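K.L.:
To start, I am sharing the structure in question, which I have written as structure tokens.
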Amino acid sequence: MCLKVADGLLTPVQHELAIQVFLEYLQLINPPPNGEASLVTRTEEIRKGYGCSRTSDGLYIALAEQLSASYTVEILTFDNGYLNQAANNAPSVNVNFLTP
274 MCLKVADGLL TPVQHELAIQ VFLEYLQLIN PPPNGEASLV TRTEEIRKGY
324 GCSRTSDGLY IALAEQLSAS YTVEILTFDN GYLNQAANNA PSVNVNFLTP
């Protein structure tokens, strides 16, 4: 949906509405510790200020935040941008940069 805003196919207001509708659907789905829906809002918070290509990073960072309440969690990456995104938005998430 973020790319649709970037491409001009959705307005920012339509994007926010779509996220809310998406959240309503996800209320019916459970997994992660607090369900999939609990990750959507936090993913959007983490992604804001970054391009749409960073949406999936935000999802993994949000999931790592949730899991770290009960488990030791570590994200490994070759992507410096990922490292910076986590440090700026979720400093409690342990991200380790791997040297290629």
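Okay, so the sequence shown: first residue is 274 according to our numbering, each after it adds one.
Positions of the beta carbon are idealized from the N, C-alpha and C atoms, including for glycine.
Since the model is a prediction, treat every value here as computed from it, not as a measurement.
1) Spatial neighbours of residue 365 within its chain, please: C-beta separation below 6 Å, excluding the five flanking residues on both sides.
2) Can you list, in chain order, the residues of its chain with a C-beta nearer than 6 Å to that of residue 334? Leave out the 5 residues immediately preceding and following it.
3) Can you give me the Cβ contacts of residue 313 inside the same chain, cut-off strictly under 8 Å, excluding the 5 residues immediately before and after it?
4) If you measure between the beta carbons of residue 340 and residue 371, is that distance less than 8 Å?
5) I'd like the span of the alpha helix (DSSP H) that includes residue 316, first residue to last.
6) Which of helix, strand or coil does DSSP assign to residue 349?
7) Determine the burial state of residue 342: buried for a count of at least 16 other Cβ atoms within 10 Å of its Cβ, exposed for fewer.
8) Once the 5 residues before and after residue 346 are set aside, which same chain residues still bring their CB inside 6 Å of it?
P.N.:
Looking at the atomic coordinates:
1) none
2) 319, 359, 363 and 366
3) 292, 295, 296 and 299
4) no
5) 310-320
6) strand
7) exposed
8) 337 and 340
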